[in-house]
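Q: In the UniProt record's numbering, the protein residues as written are 1 to 392.
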Ligand SMILES: [Mn+2]
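Here's what the structure looks like:
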């Protein structure tokens, strides 16, 4: 030990000699410079080691958080960059990482300050509790079915699942929204969808139920009067009176029903299948996240001002300059995504190359439809029908 100590001291002495360090006089300054330099070098080395370790730890925590959508939303929100385009780039990048590691679902509700809504946009209700975008990576070998608007037709939903031979262990079910309203068992459809771990997007009728339920839970049912008064939500696209028929569903929902339905995002993106799901449509002239939520849930056409409209192609006058949103989408969009949508029962099944419409009017006595994304095979059953009014 002594030898070693001596040897160390000797080496230090050698080093000092080599460095010409003198313990006296002006050379103290030279020594100080060397000590500072070595300390700085050590700091750089520590930072170089510590930062990657920290980032690795953050990634590990993020992977763990994938199992908890709420936590993951926050994590990704914090990581969102400066511009909308970079958000989309990050979404693609984070999705590639996830595609490699698992089939987990992630949620992204973008920072509102990074969104640039178009001038036709509407107020988002304070009771909307809306997730703008959810990214999903299905298991590699899974069959992935997209099913059109069910509108409370639970029997028909189950019959179509039988026809498909749906197996919740291996197959994936995605609903194009409007699970509820008009049909006989809206709550039954929500619970069946939840039981099957179905993914979904928010339809215009789902949105009304969620907003009424949100207001009811906050202020109480007794506060929802007089019945003819409009629920205060700001300049929303579809103001609701307190007596709105959707309140019947809101009144019988339990917390799980509400959480499932409210968790259906505005847009579901499936990068690995180059697919995207919305209820109504997308404005092809603006970026994805800038889309006005009310329009995504309600649109069918683009009008002469290139704005989304809820009017229907089939009911346009011949002189109308409106075009179906899918026409505008085909002529303007250059990305590879195929958009699956519902909402347009009057137009019915639409099997274009980049847009696939699946609302075939089951609740009006026509058909319930589903398509398997990988094979593009269409499955349909006849429906009994509950409501003759061919609306939405
Ligand atoms: Mn609809």
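Backbone N, C-alpha and C fix where the C-beta goes; we use that ideal spot for every residue, glycine too.
Does the beta-carbon of residue 204, which I'm using as the reference point, lie nearer than 6 Å to any heavy atom of ligand 1?
A: Under cutoff, so the answer is yes.
Q: Which partner residues of residue 357 appear in the DSSP bridge assignment?
A: 341 and 350, per the DSSP bridge assignment.
Q: Indicate the three-state DSSP secondary structure (helix, strand or coil) for residue 374 in the structure shown.
A: If DSSP states are grouped into helix, strand and coil, residue 374 belongs with coil.
Q: Output the residue ranges of the alpha helix (DSSP H) runs that lie fully inside the region 177-218 and measure 4 residues or longer, sorted by chain position.
A: Correct list: 186-195.
Q: I want to check one thing, is the minimum distance from the CB of residue 238 to the heavy atoms of ligand 1 below 6 Å?
A: Residue 238 Cβ: outside cutoff for every heavy atom of ligand 1.
Q: Please tell me whether residue 393 and residue 146 are closer than 7 Å, where the distance is taken between their beta carbons.
A: Outside the shown range of the chain, which is 1 to 392, sits residue 393, and nothing can be said about it.
Q: Less than 8 Å between C-beta atoms, sequence neighbours within five positions excluded: which residues of the same chain meet that for residue 332?
A: Once the five neighbours on either side are set aside, the close Cβ partners of residue 332 are 284 and 285.
Q: Under DSSP, the alpha helix (DSSP H) around residue 269 begins and ends at which residues?
A: Note, residue 269: premise wrong, no alpha helix (DSSP H); beta strand (DSSP E) at 267-270.
Q: Are at least three pairs of beta-carbons, each pair with one atom in the region 216-223 and one in the region 170-189, less than 8 Å apart?
A: Touching, no.
Q: Indicate the three-state DSSP secondary structure (helix, strand or coil) for residue 147 in the structure shown.
A: Here residue 147 sits in strand by DSSP.
Q: Please return the same chain residues whose Cβ sits closer than 6 Å to the Cβ of residue 311, not counting the five positions on each side in sequence.
A: 301, listed in sequence order.
Q: Residue 297: which of 267, 170, 262 and 151 sits nearest, CA to CA?
A: Ranking the options by Cα distance to residue 297, first place goes to 267.
Q: Taking the C-alpha atoms as reference points, what is the distance between residue 217 and residue 321?
A: Taking the straight line from one Cα to the other gives about 43 Å.
Q: Do the region 164-174 and the region 136-152 make contact, defined as three or more Cβ pairs closer than 8 Å?
A: Result yes; three or more Cβ-Cβ pairs closer than 8 Å.
Q: Taking the alpha carbon of residue 279 as the reference point, which residue from 199, 241, 212 and 240 has its own alpha carbon closest?
A: Here the closest residue by C-alpha is 199.
Q: Output the boundary residues of the beta strand (DSSP E) element that contains residue 172.
A: Residues 172-175.
Q: Tell me whether the region 339-356 and the region 119-127 touch, counting them as touching only if at least three CB pairs, one residue from each stretch, are closer than 8 Å.
A: In short, these stretches do not touch, since the Cβ pair count stays below three.
Q: Can you tell me whether residue 400 sits near ligand 1, meaning its C-beta is under 6 Å from at least one heavy atom of the ligand?
A: In the structure as shown, the chain begins at 1 and stops at 392. Residue 400 is therefore absent and cannot be evaluated.
Q: Scan the region 220-302 and note each continuous beta strand (DSSP E) run of 3 residues or more that stays entirely inside, going in chain order.
A: Runs found: 267-270 and 275-277.
Q: Within the same chain, show all residues whose beta-carbon is closer than 7 Å to that of residue 214, passing over the 5 residues directly before and after it, in chain order.
A: Result list for residue 214: 127 and 129, in chain order.
Q: Here's a check: name, in chain order, each residue in its chain whose Cβ is nearer than 6 Å to the Cβ of residue 380, leaving out the five neighbours to either side.
A: Once the five neighbours on either side are set aside, the close Cβ partners of residue 380 are 367 and 369.
Q: Report yes if the C-beta of residue 178 is less than 6 Å from at least one heavy atom of ligand 1; otherwise report no.
A: Within the cutoff, so yes.
Q: If you pair each beta-carbon of the region 258-275 with each one of the region 337-346, do three or more pairs fall below 8 Å?
A: Cβ pair count under 8 Å is three or more, so yes.
Q: I need the DSSP call for residue 114, collapsed to helix, strand or coil.
A: Three-state DSSP puts residue 114 in a helix.
Q: Per DSSP, which one or two residues make a beta bridge with residue 138?
A: Bridge partners of residue 138: none, in fact.
Q: In the DSSP assignment, what are the bridge partners of residue 368?
A: Residue 368 is bridged to 381.
Q: Can you tell me which of 327, 290 and 349 puts its alpha carbon nearest to the alpha carbon of residue 113?
A: Comparing Cα-Cα distances from residue 113 to each of 327, 290 and 349, the minimum goes to 290.
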